[in-house]
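Q: Protein chains in written order, with the working numbering: chain A, 1 to 150; chain B, 151 to 273.
1) Less than 8 Å between CB atoms is the rule here; does residue 21/A satisfy it with respect to chain B?
2) Which residues, in order along the segment 186-200 of chain B, keep a beta-carbon less than 7 Å from a beta-carbon of chain A?
3) According to DSSP, residue 212/B sits in a beta bridge with which residue or residues?
4) With a threshold of 8 Å between beta carbons, is residue 203/B in contact with chain A?
5) Which runs of the alpha helix (DSSP H) fall wholly inside the segment 158-224 of chain B and span at least 4 residues, in chain order?
6) Could you say if the segment 35-47 of chain A and the segment 233-246 of chain B meet the contact criterion of at least three C-beta pairs nearer than 8 Å?
7) What residues of chain B sit near residue 45/A, judged by a beta carbon separation below 8 Å?
8) Check whether the segment 62-75 of chain A and the segment 219-227 of chain B are in contact - that is, three or more C-beta pairs closer than 8 Å.
9) My output table needs one value for residue 236/B: the three-state DSSP class, helix, strand or coil.
10) I want to verify the contact list: residues of chain A whose CB lies under 7 Å from the CB of residue 214/B, in sequence order.
11) What three-state label does DSSP hand residue 226/B in the structure shown?
12) Run through chain A and tell me which residues come within less than 8 Å of residue 217/B, C-beta to C-beta.
13) Suppose only complete runs of 4+ residues qualify. What are the alpha helix (DSSP H) ranges in the segment 1-73 of chain A, listed by chain order?
14) With 16 as the cutoff for other CB atoms within 10 Å, does residue 33/A come out buried or exposed?
15) If I follow the unbroken alpha helix (DSSP H) through residue 79/A, where does it start and stop?
16) Can you find a C-beta in chain B that's less than 8 Å from the C-beta of residue 35/A?
17) For the segment 78-89 of chain A, which residues have a beta carbon sitting closer than 9 Å to at least one beta carbon of chain B?
18) Less than 7 Å between C-beta atoms, sequence neighbours within five positions excluded: which residues of the same chain meet that for residue 152/B?
19) Decide if the segment 192-205 of chain B is in contact with the segment 164-174 of chain B; the criterion is three or more beta carbon pairs, one per stretch, under 8 Å apart.
20) Buried or exposed, going by whether 16 or more other CB atoms sit within 10 Å of the CB of residue 99/A?
21) Would you kindly work out how many angstroms separate the C-alpha atoms of residue 251/B and residue 15/A, rounded to a whole number?
22) For a contact meaning CB atoms closer than 7 Å, what does residue 103/A contact in chain B?
23) Spatial neighbours of residue 71/A within its chain, please: CB distance less than 8 Å, with the 5 preceding and 5 following residues excluded, ordered by chain position.
24) Within its chain, find whatever has a CB closer than 7 Å to the CB of residue 10/A; leave out the 5 residues flanking it on each side and keep chain order.
25) Just the Cα atoms here: how many angstroms apart are residue 151/A and residue 244/B?
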């Protein structure tokens with residue numbers, strides 16, 4: 001029964017982070033494909049890293065009561081890619097979230113992009129100028145503005 | 151030593167991709183991203199110190215003797231901290247490269263990056 005604790009904790013953490021992502025539209029709720037490719041690339045790289053470590057005999061799987069014991073490869077439990085995807089998703093959400101906070105505190109950065117980005121830029125100025133509470137939707141304009149040019 | 155040497159190429163690849171993505175950003179965006187990555191790295195390193203220790207003490211995984219440097223933070227071997235560093239460098243960089251692909255096609259990768267170029271990109 002305890003075998004699913006680790007996997008369950010990982011999935012619950014990913015779920016909670018998805019709620020944060022959805023609420024502030026940081027990654028998958030902003031550019032789904034970019035988020036998927038970024039998390040997929042990161043997970044793949046870290047997984048190769050793990051396999052190299054296993055190949056050199058650095059890591060071994062513990063015999064924990066908290067793990068399912070299901071293996072994808074020798075010494076590679078099914079939980080490992082889930083953990084690596086979690087780590088990559090966390091990295092993306094933290095960096096993009098901090099970036100959003102910095103953009104709010106220093107509207108100068110946003111305004112350089114707003115001059116060209118038209119409507120989205122206008123929204124960014126409004127967000128920088130006022131709004132204390134529900135400003136997340138407006139701030140998105142400021143942050144997203146540099147990407148409008150793409 | 152083995153574990154540390156294994157980390158080197160992966161951190162190197164992540165760093166190169168992070169630098170490429172930063173070079174393609176306008177100056178203001180680049181400074182903000184660099185700061186966000188630094189703060190994000192600090193957060194992830196702190197979380198790694200705590201949760202790696204928890205995961206190791208829960209017996210989820212172990213390390214062969216003689217492959218590590220030996221230094222630990224909590225129970226976490228210092229080499230383990232290369233994982234969050236690589237992730238925080240690589241993943242947001244790939245995101246940026248996908249969201250805003252390179253403008254134009256003929257521009258050489260190592261072209262000097264001037265201030266006027268940055269202004270041009272923002273407009």
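Heads up, the beta-carbon is just placed ideally off N, CA and C, and yes, glycines get one too. These numbers come from a predicted model, not from an experiment.
A: Looking at the atomic coordinates:
1) no
2) 186, 187, 189, 190, 193, 194
3) 60/A
4) no
5) 177-207
6) yes
7) 160, 163, 164, 236, 240
8) no
9) helix
10) 57, 58, 60
11) strand
12) 56, 57, 58
13) 5-24, 32-55
14) exposed
15) 79-105
16) yes
17) 79, 80, 83, 84, 87, 88, 89
18) 217
19) no
20) buried
21) 29 Å
22) 182
23) 61, 77, 78
24) 79, 82, 83, 86
25) Since the first residue of chain A shown is 1 and the last is 150, residue 151/A is not available in this structure.
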